[in-house]
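Everything on this sheet refers to the single structure shown next.
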Amino acid sequence: MTAVGILSAALATGGTWGVISLTDQGSGGSTGATSSSQGSGDSASVVPVSTAAKSNPDWNAVTDTVSPSVVAITVKSGSSGGEGSGVIIDDKGRVLTNDHVVSGAGDGARITVTLADGKTYAATIAGQDASTDLAVVTITDPPKDLKPITMGSSGGLEVGDPVMAVGNPLGLAGTVTTGIVSALNRPVATSSTQGQGQDPFGQQQSTPVVTSAIQTSAAINPGNSGGALVDAAGRLVGINSSIASLGGSGGQSGNIGIGFAIPVDEASWIAEQLIEDGSAQHAFLGVTPADGSATMGAATRSGAEVRQVSGGSAADKAGLRKGDLIVGVDGTNVSSAESLVGLIRAQRSDSTVSLSVIRDGQEQTIKAALGTAPSVQS
0 MTAVGILSAA
10 LATGGTWGVI
20 SLTDQGSGGS
30 TGATSSSQGS
40 GDSASVVPVS
50 TAAKSNPDWN
60 AVTDTVSPSV
70 VAITVKSGSS
80 GGEGSGVIID
90 DKGRVLTNDH
100 VVSGAGDGAR
110 ITVTLADGKT
120 YAATIAGQDA
130 STDLAVVTIT
140 DPPKDLKPIT
150 MGSSGGLEVG
160 DPVMAVGNPL
170 GLAGTVTTGI
180 VSALNRPVAT
190 SSTQGQGQDP
200 FGQQQSTPVV
210 TSAIQTSAAI
220 NPGNSGGALV
230 DAAGRLVGIN
240 SSIASLGGSG
250 GQSGNIGIGF
260 AIPVDEASWI
270 AEQLIEDGSA
280 QHAFLGVTPA
290 DGSATMGAAT
300 RSGAEVRQVS
310 GGSAADKAGL
320 RKGDLIVGVD
330 GTNVSSAESL
340 VGLIRAQRSD
350 STVSLSVIRD
360 GQEQTIKAAL
370 GTAPSVQS
(Lines of atoms letter the chains of each structure in order from A and count residues from 1; the text may use other names and numbers.)
(Lines give C-alpha, C1' and ligand atoms only; values in the text may rest on other atoms or scores of the structure.)
Protein backbone atom coordinates (compact mmCIF):
# COMPACT_ATOMS: atom_id res chain seq x y z
CA MET A 1 0.00 0.00 0.00
CA THR A 2 1.29 3.43 -0.94
CA ALA A 3 0.80 6.67 0.93
CA VAL A 4 -1.31 9.22 -0.90
CA GLY A 5 -0.14 12.29 0.93
CA ILE A 6 2.77 13.26 3.14
CA LEU A 7 2.90 15.89 5.85
CA SER A 8 4.44 18.96 4.30
CA ALA A 9 5.75 20.26 7.59
CA ALA A 10 6.24 17.87 10.52
CA LEU A 11 4.29 18.77 13.63
CA ALA A 12 6.53 19.34 16.64
CA THR A 13 7.33 16.22 18.61
CA GLY A 14 10.45 14.58 19.91
CA GLY A 15 10.73 12.31 16.87
CA THR A 16 10.19 12.64 13.17
CA TRP A 17 6.79 11.73 11.87
CA GLY A 18 4.52 12.46 8.98
CA VAL A 19 0.87 12.46 8.11
CA ILE A 20 -0.47 10.19 5.42
CA SER A 21 -3.85 9.92 3.77
CA LEU A 22 -5.63 6.63 4.05
CA THR A 23 -6.51 5.19 0.68
CA ASP A 24 -6.00 1.42 0.63
CA GLN A 25 -4.32 0.70 -2.70
CA GLY A 26 -4.30 -2.55 -4.59
CA SER A 27 -6.18 -4.71 -2.12
CA GLY A 28 -9.00 -7.00 -3.09
CA GLY A 29 -12.53 -5.81 -3.56
CA SER A 30 -14.25 -4.77 -0.39
CA THR A 31 -17.55 -6.08 0.82
CA GLY A 32 -19.76 -3.68 2.77
CA ALA A 33 -18.10 -0.93 4.76
CA THR A 34 -19.19 1.51 7.38
CA SER A 35 -18.81 5.22 7.50
CA SER A 36 -21.10 8.02 8.37
CA SER A 37 -22.26 11.31 7.05
CA GLN A 38 -25.33 13.47 7.00
CA GLY A 39 -26.45 15.15 3.95
CA SER A 40 -27.00 18.61 2.84
CA GLY A 41 -29.78 19.53 0.53
CA ASP A 42 -32.32 16.73 0.13
CA SER A 43 -31.24 14.68 3.10
CA ALA A 44 -33.51 12.29 4.93
CA SER A 45 -34.32 13.01 8.55
CA VAL A 46 -32.69 10.50 10.86
CA VAL A 47 -32.86 10.70 14.65
CA PRO A 48 -29.99 9.30 16.72
CA VAL A 49 -31.09 6.21 18.63
CA SER A 50 -28.40 6.59 21.23
CA THR A 51 -28.90 9.38 23.74
CA ALA A 52 -26.43 7.98 26.27
CA ALA A 53 -24.36 10.41 28.28
CA LYS A 54 -20.80 11.07 27.19
CA SER A 55 -19.60 9.21 30.27
CA ASN A 56 -21.43 6.02 29.30
CA PRO A 57 -21.86 5.73 25.52
CA ASP A 58 -23.87 2.81 24.14
CA TRP A 59 -21.54 1.85 21.30
CA ASN A 60 -23.71 -1.12 20.30
CA ALA A 61 -26.63 1.19 19.60
CA VAL A 62 -24.38 3.71 17.85
CA THR A 63 -22.94 0.97 15.61
CA ASP A 64 -26.42 -0.26 14.66
CA THR A 65 -27.45 3.30 13.79
CA VAL A 66 -24.37 4.43 11.89
CA SER A 67 -23.25 1.33 9.98
CA PRO A 68 -25.99 1.42 7.31
CA SER A 69 -24.87 4.98 6.47
CA VAL A 70 -21.27 4.04 5.70
CA VAL A 71 -20.00 2.58 2.44
CA ALA A 72 -16.87 1.21 0.85
CA ILE A 73 -15.64 3.00 -2.28
CA THR A 74 -13.51 1.25 -4.89
CA VAL A 75 -11.79 2.96 -7.82
CA LYS A 76 -10.32 0.86 -10.63
CA SER A 77 -8.33 2.12 -13.59
CA GLY A 78 -6.68 -0.53 -15.72
CA SER A 79 -4.51 -2.66 -13.47
CA SER A 80 -4.44 -0.04 -10.71
CA GLY A 81 -6.99 0.45 -7.99
CA GLY A 82 -7.67 1.93 -4.60
CA GLU A 83 -10.21 1.66 -1.83
CA GLY A 84 -11.60 4.03 0.72
CA SER A 85 -14.72 4.79 2.70
CA GLY A 86 -17.64 7.16 2.33
CA VAL A 87 -20.71 8.44 4.11
CA ILE A 88 -24.27 8.56 2.74
CA ILE A 89 -25.46 12.14 3.12
CA ASP A 90 -28.88 12.08 1.49
CA ASP A 91 -31.52 9.71 0.14
CA LYS A 92 -30.61 10.57 -3.47
CA GLY A 93 -27.45 8.48 -3.29
CA ARG A 94 -24.87 11.16 -2.59
CA VAL A 95 -21.82 10.03 -0.65
CA LEU A 96 -19.26 12.28 1.02
CA THR A 97 -15.66 11.08 0.95
CA ASN A 98 -12.07 12.32 0.64
CA ASP A 99 -10.90 13.73 -2.67
CA HIS A 100 -7.78 11.56 -2.61
CA VAL A 101 -10.01 8.46 -2.57
CA VAL A 102 -11.38 9.29 -6.03
CA SER A 103 -8.78 11.68 -7.44
CA GLY A 104 -7.34 8.96 -9.68
CA ALA A 105 -10.66 8.31 -11.38
CA GLY A 106 -9.77 9.68 -14.80
CA ASP A 107 -11.11 8.63 -18.18
CA GLY A 108 -12.04 4.98 -18.19
CA ALA A 109 -11.87 4.58 -14.41
CA ARG A 110 -14.70 2.76 -12.67
CA ILE A 111 -16.07 3.81 -9.31
CA THR A 112 -18.23 1.46 -7.27
CA VAL A 113 -19.92 1.88 -3.91
CA THR A 114 -20.63 -1.10 -1.68
CA LEU A 115 -23.32 -0.66 0.95
CA ALA A 116 -23.32 -2.23 4.40
CA ASP A 117 -25.63 -5.00 3.12
CA GLY A 118 -22.96 -6.07 0.61
CA LYS A 119 -24.74 -4.76 -2.49
CA THR A 120 -22.50 -2.89 -4.95
CA TYR A 121 -23.52 -0.04 -7.23
CA ALA A 122 -21.79 2.04 -9.89
CA ALA A 123 -21.12 5.66 -8.97
CA THR A 124 -20.00 8.91 -10.57
CA ILE A 125 -18.21 11.97 -9.19
CA ALA A 126 -20.54 14.88 -8.41
CA GLY A 127 -17.80 17.26 -7.33
CA GLN A 128 -14.25 17.45 -5.98
CA ASP A 129 -12.30 19.94 -3.91
CA ALA A 130 -8.60 19.19 -3.69
CA SER A 131 -7.77 22.01 -1.27
CA THR A 132 -9.98 20.54 1.47
CA ASP A 133 -9.55 16.91 0.34
CA LEU A 134 -13.29 16.41 0.02
CA ALA A 135 -15.43 14.95 -2.75
CA VAL A 136 -19.01 13.84 -3.33
CA VAL A 137 -19.89 10.80 -5.44
CA THR A 138 -23.38 9.85 -6.54
CA ILE A 139 -24.65 6.27 -6.58
CA THR A 140 -26.20 5.37 -9.94
CA ASP A 141 -29.81 4.19 -9.48
CA PRO A 142 -29.58 4.06 -5.68
CA PRO A 143 -31.95 1.86 -3.67
CA LYS A 144 -34.94 3.53 -2.08
CA ASP A 145 -34.01 2.46 1.44
CA LEU A 146 -30.74 4.38 1.76
CA LYS A 147 -30.10 5.65 5.27
CA PRO A 148 -28.31 9.00 5.42
CA ILE A 149 -26.30 9.58 8.56
CA THR A 150 -27.40 12.06 11.18
CA MET A 151 -25.47 15.30 11.01
CA GLY A 152 -23.79 16.60 14.13
CA SER A 153 -21.66 19.66 14.76
CA SER A 154 -17.93 19.78 15.29
CA GLY A 155 -18.31 23.17 16.94
CA GLY A 156 -19.60 21.59 20.14
CA LEU A 157 -16.81 19.03 20.51
CA GLU A 158 -14.55 19.10 23.54
CA VAL A 159 -11.22 17.41 24.14
CA GLY A 160 -11.95 14.12 25.91
CA ASP A 161 -15.30 13.50 24.22
CA PRO A 162 -15.83 9.83 23.23
CA VAL A 163 -15.95 9.17 19.47
CA MET A 164 -16.21 6.22 17.10
CA ALA A 165 -14.46 5.82 13.73
CA VAL A 166 -16.31 3.80 11.10
CA GLY A 167 -14.86 2.73 7.78
CA ASN A 168 -13.25 0.20 5.49
CA PRO A 169 -9.64 -0.17 6.75
CA LEU A 170 -7.53 -2.57 4.71
CA GLY A 171 -10.69 -3.70 2.92
CA LEU A 172 -12.22 -4.95 6.18
CA ALA A 173 -15.79 -3.73 5.78
CA GLY A 174 -17.88 -2.64 8.72
CA THR A 175 -14.97 -1.93 11.07
CA VAL A 176 -15.65 0.32 14.06
CA THR A 177 -13.13 1.59 16.60
CA THR A 178 -13.57 3.90 19.57
CA GLY A 179 -11.46 6.53 21.25
CA ILE A 180 -11.62 10.13 22.35
CA VAL A 181 -11.12 13.57 20.88
CA SER A 182 -7.44 14.08 21.63
CA ALA A 183 -7.15 17.65 20.35
CA LEU A 184 -9.08 20.24 18.37
CA ASN A 185 -7.93 22.67 15.67
CA ARG A 186 -4.76 20.67 15.08
CA PRO A 187 -3.03 22.13 11.98
CA VAL A 188 -2.37 19.24 9.60
CA ALA A 189 -0.83 19.67 6.15
CA THR A 190 -0.64 16.97 3.51
CA SER A 191 0.52 17.18 -0.08
CA SER A 192 1.60 14.44 -2.44
CA THR A 193 4.13 16.76 -4.05
CA GLN A 194 6.19 16.59 -0.88
CA GLY A 195 8.60 13.68 -1.08
CA GLN A 196 7.46 10.61 -2.94
CA GLY A 197 3.77 10.59 -2.20
CA GLN A 198 1.31 10.19 -5.02
CA ASP A 199 -2.31 9.25 -5.38
CA PRO A 200 -3.05 5.55 -6.00
CA PHE A 201 -2.78 6.02 -9.77
CA GLY A 202 0.55 7.85 -9.80
CA GLN A 203 -0.93 11.28 -10.51
CA GLN A 204 0.71 14.10 -8.58
CA GLN A 205 -1.63 16.24 -6.49
CA SER A 206 -0.07 19.70 -6.43
CA THR A 207 -2.71 21.35 -4.25
CA PRO A 208 -1.67 21.41 -0.59
CA VAL A 209 -4.32 20.34 1.90
CA VAL A 210 -4.22 22.26 5.17
CA THR A 211 -6.83 21.29 7.74
CA SER A 212 -7.68 22.59 11.18
CA ALA A 213 -8.33 19.00 12.16
CA ILE A 214 -9.90 16.94 14.90
CA GLN A 215 -7.25 14.68 16.40
CA THR A 216 -8.53 11.36 17.71
CA SER A 217 -7.17 8.27 19.44
CA ALA A 218 -9.70 5.99 17.69
CA ALA A 219 -7.77 3.48 15.60
CA ILE A 220 -7.62 4.60 11.96
CA ASN A 221 -5.81 2.68 9.22
CA PRO A 222 -5.36 2.69 5.41
CA GLY A 223 -8.79 2.46 3.78
CA ASN A 224 -10.47 4.59 6.48
CA SER A 225 -10.21 7.71 4.30
CA GLY A 226 -13.62 9.27 3.83
CA GLY A 227 -15.12 7.31 6.69
CA ALA A 228 -17.09 8.67 9.60
CA LEU A 229 -16.10 9.99 12.98
CA VAL A 230 -19.24 10.05 15.11
CA ASP A 231 -20.06 11.10 18.64
CA ALA A 232 -21.72 9.07 21.40
CA ALA A 233 -25.15 9.84 19.92
CA GLY A 234 -24.23 8.54 16.47
CA ARG A 235 -23.98 11.98 14.88
CA LEU A 236 -21.33 12.77 12.29
CA VAL A 237 -18.66 15.11 13.65
CA GLY A 238 -15.82 14.50 11.19
CA ILE A 239 -14.57 12.81 8.03
CA ASN A 240 -11.52 10.65 8.73
CA SER A 241 -8.69 11.63 6.42
CA SER A 242 -5.14 10.93 7.66
CA ILE A 243 -2.93 9.48 10.37
CA ALA A 244 0.42 10.31 11.90
CA SER A 245 3.23 8.10 10.69
CA LEU A 246 6.55 7.60 12.46
CA GLY A 247 9.62 8.34 10.37
CA GLY A 248 7.96 10.58 7.78
CA SER A 249 9.36 8.45 4.96
CA GLY A 250 6.08 8.37 3.09
CA GLY A 251 5.60 4.65 3.50
CA GLN A 252 2.08 3.58 4.40
CA SER A 253 1.84 2.54 8.01
CA GLY A 254 -0.85 1.62 10.45
CA ASN A 255 -2.45 3.23 13.45
CA ILE A 256 -0.24 4.65 16.20
CA GLY A 257 -3.09 6.31 18.07
CA ILE A 258 -2.95 9.66 16.27
CA GLY A 259 -5.57 10.11 13.60
CA PHE A 260 -7.09 13.20 12.02
CA ALA A 261 -10.56 14.07 10.74
CA ILE A 262 -11.94 17.02 8.80
CA PRO A 263 -14.53 18.76 11.03
CA VAL A 264 -18.08 18.19 9.84
CA ASP A 265 -18.97 21.88 9.95
CA GLU A 266 -16.39 22.47 7.22
CA ALA A 267 -17.14 19.24 5.36
CA SER A 268 -20.89 19.87 5.15
CA TRP A 269 -20.39 23.38 3.79
CA ILE A 270 -18.04 22.11 1.10
CA ALA A 271 -20.39 19.21 0.29
CA GLU A 272 -23.28 21.61 -0.28
CA GLN A 273 -21.22 23.48 -2.85
CA LEU A 274 -19.96 20.33 -4.56
CA ILE A 275 -23.51 19.06 -4.95
CA GLU A 276 -24.71 22.40 -6.29
CA ASP A 277 -21.80 23.42 -8.53
CA GLY A 278 -19.30 20.55 -8.69
CA SER A 279 -16.66 22.77 -7.11
CA ALA A 280 -16.21 24.86 -3.97
CA GLN A 281 -15.30 28.42 -3.06
CA HIS A 282 -13.05 29.21 -0.12
CA ALA A 283 -12.60 32.04 2.31
CA PHE A 284 -9.76 34.46 1.53
CA LEU A 285 -7.99 36.69 4.01
CA GLY A 286 -5.33 37.94 1.65
CA VAL A 287 -2.02 37.54 3.46
CA THR A 288 1.16 35.61 2.83
CA PRO A 289 1.96 34.10 6.24
CA ALA A 290 5.09 32.57 7.72
CA ASP A 291 5.88 31.08 11.11
CA GLY A 292 6.86 33.86 13.49
CA SER A 293 6.99 35.01 17.09
CA ALA A 294 6.73 38.20 19.12
CA THR A 295 7.61 39.26 22.64
CA MET A 296 5.05 40.68 25.04
CA GLY A 297 6.65 41.55 28.34
CA ALA A 298 8.49 38.48 29.58
CA ALA A 299 6.58 36.08 27.33
CA THR A 300 7.11 35.07 23.72
CA ARG A 301 4.11 34.24 21.53
CA SER A 302 4.24 32.10 18.39
CA GLY A 303 1.90 32.77 15.50
CA ALA A 304 1.57 33.55 11.81
CA GLU A 305 3.65 36.54 10.76
CA VAL A 306 2.22 38.61 7.91
CA ARG A 307 4.87 38.82 5.21
CA GLN A 308 2.66 40.38 2.55
CA VAL A 309 -0.85 41.83 2.29
CA SER A 310 -2.73 41.58 -1.00
CA GLY A 311 -4.07 44.93 -2.17
CA GLY A 312 -7.84 45.25 -1.91
CA SER A 313 -8.15 42.00 0.07
CA ALA A 314 -9.99 41.45 3.34
CA ALA A 315 -6.72 41.83 5.22
CA ASP A 316 -5.95 45.11 3.44
CA LYS A 317 -9.40 46.53 4.14
CA ALA A 318 -9.19 45.44 7.79
CA GLY A 319 -5.87 47.24 8.26
CA LEU A 320 -3.49 44.31 8.66
CA ARG A 321 0.14 45.24 8.02
CA LYS A 322 3.34 43.53 7.05
CA GLY A 323 5.04 42.40 10.25
CA ASP A 324 1.83 41.84 12.22
CA LEU A 325 1.75 38.55 14.13
CA ILE A 326 -1.66 36.83 14.03
CA VAL A 327 -2.05 34.74 17.20
CA GLY A 328 -5.78 33.98 17.17
CA VAL A 329 -8.88 33.57 15.00
CA ASP A 330 -12.23 33.90 16.76
CA GLY A 331 -10.62 32.96 20.06
CA THR A 332 -8.79 29.91 18.70
CA ASN A 333 -5.03 30.00 19.12
CA VAL A 334 -2.87 30.46 16.01
CA SER A 335 0.61 29.04 16.55
CA SER A 336 1.94 28.90 12.99
CA ALA A 337 1.31 29.83 9.38
CA GLU A 338 -0.36 26.46 8.75
CA SER A 339 -2.60 26.99 11.74
CA LEU A 340 -3.83 30.27 10.26
CA VAL A 341 -4.37 28.76 6.81
CA GLY A 342 -6.37 25.86 8.26
CA LEU A 343 -8.58 28.10 10.38
CA ILE A 344 -9.29 30.55 7.54
CA ARG A 345 -9.94 27.78 5.03
CA ALA A 346 -12.55 26.32 7.40
CA GLN A 347 -14.56 29.57 7.29
CA ARG A 348 -17.33 30.41 4.87
CA SER A 349 -16.32 32.94 2.27
CA ASP A 350 -18.87 35.50 3.47
CA SER A 351 -17.99 35.33 7.16
CA THR A 352 -16.36 37.91 9.43
CA VAL A 353 -13.58 36.83 11.78
CA SER A 354 -11.95 38.44 14.79
CA LEU A 355 -8.17 38.29 14.53
CA SER A 356 -5.93 38.60 17.57
CA VAL A 357 -2.88 40.50 16.36
CA ILE A 358 0.36 41.52 18.05
CA ARG A 359 1.76 44.77 16.67
CA ASP A 360 4.60 46.72 18.25
CA GLY A 361 4.46 44.54 21.36
CA GLN A 362 0.76 45.12 21.95
CA GLU A 363 -2.14 42.74 21.28
CA GLN A 364 -5.21 44.06 19.55
CA THR A 365 -8.34 42.69 17.89
CA ILE A 366 -8.97 43.31 14.20
CA LYS A 367 -12.17 42.24 12.47
CA ALA A 368 -11.91 41.10 8.86
CA ALA A 369 -14.78 40.40 6.44
CA LEU A 370 -13.42 37.48 4.43
CA GLY A 371 -13.61 37.38 0.67
CA THR A 372 -13.57 34.54 -1.84
CA ALA A 373 -10.24 32.98 -2.72
CA PRO A 374 -9.26 33.32 -6.39
CA SER A 375 -7.11 30.22 -5.91
CA VAL A 376 -5.68 28.10 -3.08
CA GLN A 377 -4.43 30.80 -0.73
CA SER A 378 -4.85 31.89 2.88
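Here the sequence shown stands for residues 0 to 377, numbered as in numbering that gives the first Met the number 0.
Positions of the beta carbon are idealized from the N, C-alpha and C atoms, including for glycine.
Note that the structure is predicted; figures quoted are calculated from it, not measured.
When beta bridges are read from the DSSP output, residue 228 appears opposite 164 and 237.
In this chain, the beta strand (DSSP E) harbouring residue 72 covers 69 to 76. In the pairwise beta carbon analysis, the segment 75 to 85 is classified as not touching the segment 260 to 270: fewer than three pairs are separated by under 8 Å.
Look at the beta carbons and you see the segment 67 to 78 not touching the segment 237 to 244: under three pairs across the two are nearer than 8 Å. Under the Cβ criterion (8 Å, minimum of three pairs), the segment 344 to 351 counts as touching the segment 277 to 294.
Burial is judged here by how many other beta carbons sit within 10 angstroms of a residue's own beta carbon; residue 312 has at least 16 and is buried. Here residue 327 is buried, its C-beta having at least 16 other C-beta atoms within 10 Å. Rounded to the nearest whole angstrom, the CA to CA distance from residue 140 to residue 94 is 13 Å. When secondary structure is reduced to three states using DSSP, residue 59 falls in the helix class. Distance between residue 114 and residue 96, taken at the CA atoms: about 14 Å. Partner residues in the beta bridge of residue 324, as assigned by DSSP, are 304 and 357. Residue 150 is a Cβ neighbour of residue 235, given a cutoff of 7 Å. When the beta-carbon positions are compared, residue 164 and residue 231 stay at least 7 Å from each other. Taking C-alpha positions only, residue 300 is separated from residue 315 by approximately 23 Å. DSSP, reduced to helix, strand and coil, places residue 316 within a helical segment of the structure shown. Take the alpha-carbon of residue 176 and the one of residue 219: they are about 8 Å apart. Relative to the Cα of residue 255, the nearest Cα in the group 111, 129, 57 and 221 belongs to 221. Of the residues assessed, residue 158 falls on the exposed side of the cut-off, its CB having fewer than 16 other CB atoms within 10 angstroms. Straight through space, the alpha carbons of residue 160 and residue 211 are spaced by roughly 18 Å.
Membership of residue 343 in the alpha helix (DSSP H) is indicated by the continuous run 336 to 344. With fewer than 16 other CB atoms across the displayed protein chains lying within 10 angstroms of its CB, residue 121 is exposed. The Cβ neighbour count for residue 267, taken over all protein chains shown within 10 Å, is at least 16; the residue is labelled buried.
In the three-state DSSP reduction, residue 280 falls in the coil class, being neither helix nor strand.
Cβ-Cβ distances below 6 Å link residue 154 to 264 in the same chain, with the five nearest sequence neighbours on each side left out; the list follows chain order.
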